[in-house]
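*Asks:*
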Amino acid sequence: MTPPPQFFILGASGDLTARKLIPALASLARQGREFSVLGLSRSPKTDEIFRAELRARMPDELLDGFDTLAPRIGYQSVDLSEAGQVEALRERAGAGGRLFYLALKPELFGSTVEALCQSGLLCRGVDESHWQRVVVEKPFGHDLASARRLNAELHKFIDEEQLYRIDHYLGKETVQNLLGFRFHNAIFDPLWSRHHVELVQITVAEELGLGGRAGYYDTTGAVRDMLQNHMLQILALIAMEPPATLAAESIRNQKVAVLRGLHLHDVGHNSVRARYTARGDTRGYLEEEGVATDSMTETYVAARAEVATWRWSGVPFLLRHGKRLPRKNTEVRIQFRTAPLQLFNRPEGMSEPDFRAQLEAGNLCQVRPNVLTLTLQPREAIGLSFGVKRPGNVMQMTPAELSFDYRDQFGETTAPAYERLLLDALLGDQTLFLRSDEIDASWRFADELRGGWDAAGAPMHEYAAGSWGPSAADDLFYGCEGGWGV
Ligand code: BG6
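Residue numbers (my numbering): 194 to 679.
Structure (structure tokens):
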């Protein structure tokens, strides 16, 4: 029998371990998954103390899972920069597969992987029963050049097949459903292109501010923190071609093709950066503790991009993300083209020829009744809007919606994103992890946007904390295209 795999958490004293990793692993243990856990960090502590610390942070509903796992949780104090200490680690390593989770600062990824390789615990190559894998958290680099350097550093020791780059959005049920929804429901297939789609909007709004991470955020900003990774992954799943199979490479090949085709024409005209200002008790970004007083970091980004592929050429993809917006909401809206002629809802008193002329001149906008809304979080829902005849003696069309809500259908079921991702990493499925070329293509776009702002001296707009962002972002919609859905 193959010995159970071992999960090494490097940086085990950090917040991520107690808040995300151990709860996900406790949930997997409750489902009967076999593995052990070894937490590694510099601070000295015993196995018992480590377990007690973790147990104290466990949500009540996972305590039984945690107690199942607890006897298989260990702790080793180690400084990987010291050769002698690696010995102790080797003694605690099992004979099964090994998964090294680097819950560390990205600056330490390279040297940590090197030390693990020198210890003989991690070797290049993929062996079915003695596999060795490395999971890394975002951010993977801070621009294209640094991401490439980091890749080269890691590839010196391990293969791409051993490297699992996390984007926790891919662990979310509703994000995975984008693939299922698109490629299982053939009725949408003929509609899913420039022929029928007028524009696509992707909003990732957060009510939260910096959450105590000013040091990180002020050197990162909205583009690098959210757009380059989570938002572009959502975009790739919306715009990709159908994969031939569900194999990881098949899906990732299609995603990267979209990311490579993503462009911004005229950055100055088609994007907006902004930061929040104080409102009520909420401080403005520049007043936050840990933010440089002359900071030029954006807490909001909106961009009108295009995907230069056969399917999407000419269709705007409007992306919007901000901190300190009125509420958390992650949503994709696919706005379909209008009917060739608007027959209905002529304003009272306007003649038919005048109505036509006004529409043609763009003084009147044709109604856009058909929007498919995929709400990814916190509400998990899908809605399709259309017009229906309002009962009465006149032909008056009014908006209506077909809607689906995960909670109504399945109850409270959606598992935390990390659970699925850690399971896949244990099983060796890379589908929900980012490949190096996806990261490259995403950074190319993010660099194009940020570089464009710097080159053009783009203004830093402002928005009051708790508002929906600067009004300049409304100008990214042209003519009768409408505006941001909330
Ligand atoms: C992280 C960002 O990757 O995602 C945070 O660094 C952000 O700034 C978080 O708040 C949002 O994640 P979620 O799952 O709450 O949408």
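Using N, Cα and C, we set each Cβ at its ideal position, and we do this for glycine too.
How many whole angstroms separate the CB atoms of residue 452 and residue 333, which I take to be in contact at a CB cut-off of 8 Å?
*Replies:* To locate residue 452, count along the sequence shown from 1; it is residue 259. To locate residue 333, count along the sequence shown from 1; it is residue 140. The Cβ separation is near 14 Å, so there is no contact.
*Asks:* Quick one, which of 206, 218, 213 has its alpha-carbon nearest residue 198's?
*Replies:* Looking up residue 198 in the sequence shown gives position 5. Taking only the C-alpha atoms, the option nearest residue 198 is 218.
*Asks:* With respect to the alpha helix (DSSP H) encompassing residue 599, which residues constitute its N-terminal and C-terminal limits?
*Replies:* Sequence index remark: in the sequence shown, residue 599 carries index 406 (1-based). From DSSP, the alpha helix (DSSP H) with residue 599 extends over 599-603.
*Asks:* Measuring CB atoms only, is the segment 346-353 touching the segment 491-499, in the sense that at least three cross pairs come out at less than 8 Å?
*Replies:* no
*Asks:* Contact between the segment 535-549 and the segment 419-429 is defined here as three or more beta-carbon pairs at a separation below 8 Å; is this criterion met?
*Replies:* no
*Asks:* Checking the sheet assignment: what are the DSSP bridge partners for residue 514?
*Replies:* Within the sequence shown, the letter at position 321 stands for residue 514. Its beta-bridge partners are 397, 494.
*Asks:* Alpha carbon to alpha carbon, what distance is there between residue 529 and residue 670?
*Replies:* Translated into the one-based positions of the sequence shown, residue 670 becomes position 477. Translated into the one-based positions of the sequence shown, residue 529 becomes position 336. Those two C-alpha atoms are separated by around 15 Å.
*Asks:* Using the Cα positions of residue 262 and residue 250, report the straight-line distance between them to the nearest angstrom.
*Replies:* Numbered from 1 along the sequence shown, position 69 holds the residue referred to as residue 262. Numbered from 1 along the sequence shown, position 57 holds the residue referred to as residue 250. Rounded to the nearest angstrom, the two C-alpha atoms are 15 Å apart.
*Asks:* At a cut-off of 7 Å, would you count residue 523 as near the ligand BG6, judging by its Cβ distance to the nearest heavy atom?
*Replies:* Taking the first residue of the sequence shown as 1, we reach residue 523 at position 330. Flag set: Cβ of residue 523 near the ligand BG6.
*Asks:* Is it right to say residue 514 is buried, meaning 16 or more other beta carbons lie within 10 angstroms of its own, or is it exposed?
*Replies:* Position 321 of the sequence shown, counted from the start, is the residue given in the question as residue 514. Taking all protein chains shown into account, residue 514 has 16 or more neighbouring C-beta atoms within 10 Å of its C-beta and is therefore buried.
*Asks:* State the start and end residues of the unbroken alpha helix (DSSP H) segment that holds residue 523.
*Replies:* Here residue 523 is taken as the residue at index 330 of the sequence shown, counted from 1. Counting along the chain, residue 523 sits inside no alpha helix (DSSP H); it lies in the beta strand (DSSP E) bounded by residues 522-529.
*Asks:* When burial is assigned at 16 or more other CB atoms within 10 Å of the CB, is residue 683 buried or exposed?
*Replies:* Residue numbering for the chain in the displayed model covers 194 to 679; residue 683 lies beyond these limits and cannot be assessed.
*Asks:* Using the Cβ count rule (16 or more neighbours within 10 Å means buried), how would you classify residue 290?
*Replies:* The sequence position of residue 290 within the sequence shown is 97, counting from 1. Label assigned to residue 290: buried.
*Asks:* Okay, do the segment 521-528 and the segment 560-574 touch, 3+ Cβ pairs below 8 Å being the bar?
*Replies:* yes
*Asks:* Please name the residue, chosen from 254, 260, 274, that lies closest to residue 234 on a Cα-to-Cα basis.
*Replies:* Reading the sequence shown from its first residue, position 41 is the one you call residue 234. Considering only alpha carbons, the answer is 274.
*Asks:* Out of 376, 609, 339, 611, which has the shortest C-alpha to C-alpha gap to residue 636?
*Replies:* Along the sequence shown, read from residue 1 onward, the residue named residue 636 stands at position 443. Comparing Cα-Cα distances from residue 636 to each of 376, 609, 339, 611, the minimum goes to 339.
*Asks:* What residue ranges within the segment 564-593 form continuous beta strand (DSSP E) runs of no fewer than 3 residues, ordered along the chain?
*Replies:* 564-570, 574-582
*Asks:* For residue 361, verify whether its CB is less than 7 Å away from any heavy atom of the ligand BG6.
*Replies:* For the purposes of this step, residue 361 is taken as residue 168 along the sequence shown, with counting starting at 1. Yes - the ligand BG6 has a heavy atom lying nearer than 7 Å to the Cβ of residue 361.
*Asks:* With which residues is residue 267 paired in a DSSP beta bridge?
*Replies:* Here the question's residue 267 lines up with position 74 in the sequence shown. Its beta-bridge partners are 231.
*Asks:* In angstroms with no decimal places, state the Cα-to-Cα distance between residue 644 and residue 652.
*Replies:* Translated into positions along the sequence shown, residue 644 becomes position 451. Translated into positions along the sequence shown, residue 652 becomes position 459. Approximately 13 Å between the Cα atoms of the pair.
*Asks:* Whose C-beta lies closer than 8 Å to the C-beta of residue 463 among residues of the same chain, with five residues either side of it excluded?
*Replies:* Looking up residue 463 in the sequence shown gives position 270. Closer than 8 Å at Cβ, skipping near neighbours: 457, 496, 497, 498, 669.
*Asks:* Check for me: the alpha helix (DSSP H) holding residue 750 runs from which residue to which?
*Replies:* Shown here, the chain extends from 194 to 679; a query on residue 750 therefore has no answer.
*Asks:* Confirm the yes/no value for this check: CB of residue 418, any heavy atom of the ligand BG6, distance under 7 Å.
*Replies:* Looking up residue 418 in the sequence shown gives position 225. Yes.
*Asks:* Output the boundary residues of the beta strand (DSSP E) element that contains residue 243.
*Replies:* On the sequence shown, residue 243 is found 50 positions in, with the first residue counted as 1. From DSSP, residue 243 is part of no beta strand (DSSP E) but of the alpha helix (DSSP H) over 240-249.
*Asks:* With residue 368 as the anchor, note down where its alpha helix (DSSP H) starts and where it stops.
*Replies:* Reading the sequence shown from its first residue, position 175 is the one you call residue 368. Annotation: the continuous alpha helix (DSSP H) that includes residue 368 extends over 366-377.
*Asks:* Is residue 401 near the ligand BG6, in the sense that its beta carbon is under 7 Å from a heavy atom of that ligand?
*Replies:* Here residue 401 refers to the residue found at position 208 when the sequence shown is read from its first residue. Within the cutoff, so yes.
*Asks:* Under DSSP, the beta strand (DSSP E) around residue 470 begins and ends at which residues?
*Replies:* The residue labelled residue 470 in the question sits at position 277 within the sequence shown. First-last of the beta strand (DSSP E) with residue 470: 464-470.
*Asks:* Which one of 226, 405, 605, 368 has the shortest CA to CA distance from residue 483?
*Replies:* The count along the sequence shown starts at 1 and reaches residue 483 at position 290. Closest by alpha carbon: 405.
*Asks:* Apart from the five residues just before and just after residue 205, which ones in its own chain have a Cβ nearer than 6 Å to its Cβ?
*Replies:* What you label residue 205 is simply residue 12 of the sequence shown in a count that begins at 1. Cβ neighbours of residue 205 beyond the five flanking positions: 232, 233, 234.
*Asks:* Can you tell me whether residue 662 is buried or exposed, with buried defined as 16 or more other CB within 10 angstroms of its CB?
*Replies:* Along the sequence shown, read from residue 1 onward, the residue named residue 662 stands at position 469. When all chains shown are included, residue 662 counts as buried.
*Asks:* Would you mind reading off the limits of the alpha helix (DSSP H) that contains residue 560?
*Replies:* Residue mapping note: residue 560 aligns to position 367 of the sequence shown, counting from 1. Where residue 560 is concerned, there is no enclosing alpha helix (DSSP H), given that its DSSP letter is neither H nor E.
*Asks:* To the nearest angstrom, how far is it from the Cα of residue 383 to the Cα of residue 625?
*Replies:* In the sequence shown, counting from the first residue as 1, residue 383 sits at position 190. In the sequence shown, counting from the first residue as 1, residue 625 sits at position 432. Looking at the two C-alpha atoms, the distance is approximately 26 Å.
*Asks:* What number of angstroms, rounded off, separates the C-alpha of residue 240 from the C-alpha of residue 605?
*Replies:* Taking the first residue of the sequence shown as position 1, residue 240 is located at position 47. Taking the first residue of the sequence shown as position 1, residue 605 is located at position 412. Cα-Cα distance, rounded: 34 Å.
*Asks:* The ligand BG6 and residue 570: does the residue's C-beta get closer than 7 Å to at least one heavy atom of that ligand?
*Replies:* Counting from 1 along the sequence shown, the entry for residue 570 is found at position 377. Flag set: Cβ of residue 570 near the ligand BG6.
*Asks:* Apart from the five residues on each side of it in sequence, which residues of its chain come closer than 8 Å, Cβ to Cβ, to residue 590?
*Replies:* Here residue 590 is taken as the residue at index 397 of the sequence shown, counted from 1. If we look at residue 590 and ignore the five residues flanking it on each side, its Cβ neighbours are 537, 538, 560, 562, 580, 581, 582, 583.
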